[in-house]
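**Student:** Following this message is one structure expressed as structure tokens.
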Amino acid sequence: MNNHVHLIVIPEKTDSMSATFCVVNTIFARYYNEKYGRIGHFWNGRYYSVMLDENHLAIGARYVEKNPVRAGFVKKAEEWEWSSARYHIFSEKGILKLDDIFKYIQLSKSKWKTYINTEEDKKELYLIRKNNKT
């Protein structure tokens, strides 16, 4: 995405995410602003977080991996160069070490490609977006 990122993470401590994103956002904004003569925030806004249980992890991961499709950048999730979908479908390694999502969800790797490329339920999308604010 050109103005935001989606991550699914498992924090080690209660405040791990807020502390991490505060540091990352501050350092990156400072770097970018100095390099390009800007001021202000780099990202679209504050990070949002939502807790996912094991039942909702697959839905959340599909939402994240399909975001470039919904934005019209690609036709299939695995076509987006910066998506974890490439790793989950093709085992294609990237710059980040990704955990194996299949340890946590009830879908096999072979069924994941079909699952993420099927149309999402409109109610499901509404609930994700509604609850994606903290």
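Take the sequence shown: its position 8, counting from 1, is numbered 20 in our numbering, and each next residue is one higher. Even glycine gets a Cβ: it sits at the ideal position worked out from N, Cα and C.
How about Phe33 and Tyr59: do their beta carbons lie closer than 8 Å?
**Tutor:** Yes, these two residues count as a Cβ contact at 8 Å.
**Student:** So, at 7 Å on beta carbons, what are the nonlocal neighbours of Glu136 in its own chain, with the 5 sequence-adjacent residues on each side left out?
**Tutor:** Within the same chain, Glu136 has close Cβ partners Ile71.
**Student:** DSSP state of Ser61, grouped into three classes?
**Tutor:** In this structure, Ser61 counts as coil in the three-state DSSP scheme.
**Student:** Measuring alpha carbon to alpha carbon, tell me which of Leu19, Thr130 and Val35 ends up nearest Val81.
**Tutor:** Here the closest residue by C-alpha is Thr130.
**Student:** Give the list of continuous alpha helix (DSSP H) stretches no shorter than 4 residues that lie fully inside the stretch 61-113.
**Tutor:** Counting only runs of 4 or more, we get 66-82 and 97-102.
**Student:** Are the CB atoms of Val76 and His16 nearer to each other than 8 Å?
**Tutor:** The answer is no: Cβ separation not under 8 Å.
**Student:** According to DSSP, is Val36 part of a helix, a strand, or is it coil?
**Tutor:** The answer is helix: DSSP assigns Val36 an H, G or I state.
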